[in-house]
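Below: the structure, in structure tokens.
Residue numbers (this note's numbering), protein chains in the order written: chain A, 109 to 494; chain B, 109 to 494.
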């Protein structure tokens, strides 16, 4: 029996942050439990799980997929782990969607989780840098801050983007993060604070960089028939686009775009039969503020080179053209690698359901999530409708 | 457009072994190139890839999925990595099948690869042990040899299985490995040699343990329509079963079976509409000789407890009831974690096509591959037909 549509019928989210109180399996359970309650089903109603965890070394645990799968009560059922660096969570959502559409499952649990803070910021930065090319780029000092700094200076040089515009992205995301009870850093910041924070890698200072966090997020996907039975407000995953790019950023044609975003977005828009103008709300990959500005452009929310102006004009605020990262984004909500993509799906689900609390926008019909792995080596774009 | 069947249209395999001459991406390319040649298509004809690599730490490379995907020429196209410990390759095949059946792709490249030998046997054993529960079992000394030794002694105690029967599995797999030009150890051994090799963990001696190897394997999957166009001899993937078990083996109800095999096999047989009696050839997970004996039973090739007798009677030799591991198995061919499951699929494909060289059996119609992750935390069973 084949399903026409795949629906999201349950979502659950841990508090992101320094979570020394919980191991990765415990965090996963903390997200799965509310997802089941949200859906009003039991763990036994789920056919299979897909687990998104990005890196072995953070938890010093290989094969954390079945570790989580067993701990949340899925023993005997099928599972595998999916990984796509910082886009792991969205890759897991894609795999979950495919399992349902393929007929292998009717109800799928997708869990994203990561524990990172216990290794400290420097070690975490080093470990993450190993997701880039460890033969030809990492040994020469390329980390994620330095890679995105190269993109930022290229964008500033070519389009006149300013450090102030970068900081404005941070101010916006902290504004919304302060309204999100699950966010790692729930505090508003001023433009002055953002501009004056310590330099990490020019032109990116502390407030241009996302957080290193622990956390987990879980969603339950179902066939159209099951989704309508389980939920009064299923949210439909109607478009999926994915793409990749060169492993080495030194091989890229341009540093002012992430081509994988353009390719993935085009596929997702086509499959969903929409244009960028139809998108009412989006979560985009703001691992660094420059990444959000580039995403505005590559997703087609504004012209190439006008991302800086887009944030300056508050077009990505609630009330603007496309409200973006209303959950605080990676910048303020946090970025536990495996959890991030699933968490993006959850924010869109909540906005489309009208359950986003203080940061709820009016009458959103179409949502989009955009998740980058590394510096665009992976990109996953999902489109959602009520 | 949806496909009824998914076909295997191309296969490629590196020599398994100590491959200090090649990095993981180079090994992957060495498998992908012959797979494309076998299919008679170009890399540009492929829609998406699924990459199976089991562990970050062997290659000191996170996110080896896109590293391989880019290196083999798939830039821009979608990819993600799949992981399920020692069953990573079979999980990747399952994910590739689902991508095609879901309509997200028509032609999928599945690559499994691992580099392990450079870290040395002790370090490799330690790293692999971290795929088991790192909080509650690994710290107390549980490695894979010791886990399977527990299963072996339990099987000996309960069913009278002998050390000689264990060694006979090794003799058989070396017999066939000696005929496989891609095998790590291409040499026959005598029963006496197997029995007298050094003790690793009682009752398992050196020849009861599979090899630590480098290697890669690649297959190309396609929709029924494309498969018939691309290949004169497509092999159909007609049954998929998967299951899991408790993360801790101390929580298992029994040590004389791997329950996940029983559950996964039942699903795969049902989906393929066959019984164990219909299977003409199989590759099973012989990470340790006891694992192959237990697999005979759990897959239904013989009654529980009669696995020792099954090998003693040569029922798993060519000419016996079900020829098993005609490629040499993990024991003689080698076990580069991510590559193993894909390699199993390749042996079955070759046997069903009639291209298995010296070890070819007559007129096989139905094949099966069985791949275990860890000590049965994961199991994937695939059924194939001509």
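C-beta: ideal position from N, C-alpha, C; glycine also.
A direct Cα-Cα distance of roughly 28 Å separates residue 414(B) from residue 240(B).
Using beta-carbon distances, residue 256(A) does not count as an interface residue toward chain B, since no partner is under 9 Å. The closest CA to that of residue 493(A), considering only 471(A), 487(A) and 479(A), is found on 471(A). Interface annotation for the region 177-194 of chain A against chain B: 177, 178, 179, 182, 183, 184, 185, 186, 187, 188, 189, 190, 191, 192 and 193, criterion Cβ-Cβ distance under 8 Å. Close CB contacts of residue 118(B) within its chain, under the 6 Å cut and outside five residues either way in sequence, are with 143, 146, 147 and 328 (chain order). Proximity of residue 233(A) to chain B, defined by a Cβ-Cβ separation below 9 Å, is not satisfied. Contact of residue 205(B) with chain A is assigned, a C-beta pair being separated by under 9 Å. For residue 210(A), the nearest CB of chain B lies under 9 Å from its own CB, placing it at the interface with that chain. Shown here for residue 244(A): same chain residues with a beta carbon closer than 7 Å to its own, the five before and five after excluded, namely 356 in chain order. At least 9 Å separates the CB of residue 222(A) from every CB of chain B. Partner residues in the beta bridge of residue 487(B), as assigned by DSSP, are 351(B) and 480(B). Each residue's CA atom was taken as its position, placing residue 370(B) and residue 411(B) some 12 Å apart. When CB distances to chain B are screened at a threshold of 9 Å, the residues of the region 348-378 of chain A falling below it are 348, 349, 350, 351, 352, 353, 354, 355, 356, 359, 367, 368, 371, 372 and 375, in chain order. Partner residues in a beta bridge of residue 133(B), as assigned by DSSP, do not exist. Under the three-state reduction of DSSP, residue 310(A) is assigned to coil, being neither helix nor strand. When C-beta distances to chain B are compared with 8 Å, every residue of the region 278-311 of chain A stays at or above that value.
At least 9 Å separates the CB of residue 315(B) from every CB of chain A. Here residue 331(A) is bridged, per DSSP, to 114(A). The criterion of a C-beta distance shorter than 9 Å is satisfied by residue 407(A) and residue 489(A). Neighbours of residue 164(B) across chain A, judged by C-beta separation under 7 Å: 163, 164 and 165. Within the region 431-454 of chain A, no residue places its CB atom closer than 7 Å to a CB of chain B. The Cβ-Cβ distance between residue 227(B) and residue 397(B) does not fall below 9 Å. For residue 289(B), the closest C-alpha among the options 364(B), 465(B) and 385(B) is that of 465(B). Leaving aside the five residues that flank residue 386(A) on each side, the residues in its chain whose CB is nearer than 7 Å to its CB run, in chain order, 474. DSSP links residue 290(B) through a beta bridge to no other residue. DSSP places residue 205(B) within a helical segment (H, G or I) once states are collapsed to three.
Beta-bridge partners of residue 432(B) (DSSP): 390(B). The beta carbon of residue 197(A) does not come within 9 Å of any beta carbon belonging to chain B, so the residue lies off that interface. Where residue 220(A) is concerned, the enclosing beta strand (DSSP E) starts and stops at 215-222.
The criterion of a C-beta distance shorter than 9 Å is satisfied by residue 122(A) and residue 325(A). Taking a contact to require three or more Cβ pairs closer than 8 Å, the region 452-463 of chain A and the region 280-298 of chain B do not qualify as touching. Between residue 161(B) and residue 136(B), the alpha-carbon positions lie close to 10 Å from each other. At the C-beta level, residue 481(B) and residue 200(B) stay beyond 9 Å of one another.
Between residue 447(A) and residue 197(A) a beta carbon distance of about 6 Å is seen, short of the 8 Å cut, so the two are scored as contacting. For residue 242(B), the C-beta contacts it makes with chain A under 7 Å involve 168 and 169, in order along the chain. Scanning 477(A), 318(A) and 176(A) for the CA closest to the CA of residue 282(A) turns up 318(A).
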